[in-house]
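Shown next, in structure tokens, is the structure this report addresses.
Numbering (this note's numbering), first residue to last: 527 to 575.
Here is the structure:
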């Protein structure tokens, strides 16, 4: 059951990331619970979280 809950959380998080992307941005699941987000139209300060 725990794996299923974790999978649902990862899917929900990835959908949230995709929904907030801008034109030209790229979101990918890198592995496990790691994600890569590329924001080419943002400078260093804008992309900082």
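The beta-carbon is built from N, C-alpha and C at its ideal position, and this holds for glycine as well.
Practice prompt. Could you please give me the residues that DSSP links to residue 557 through a beta bridge?
Written response: 560
Item to complete: Specify the secondary structure class of residue 539 as computed by DSSP and reduced to three states.
Response: helix
Discussion item. Let's see if you can read the secondary structure: which residues bound the alpha helix (DSSP H) around residue 570?
Written reply: 570-573
Worksheet item: Using the C-alpha atoms, what's the distance from residue 529 back to residue 573?
Response: 31 Å
Worksheet entry | Whole-angstrom distance between residue 540 and residue 563, CA atom to CA atom | 10 Å
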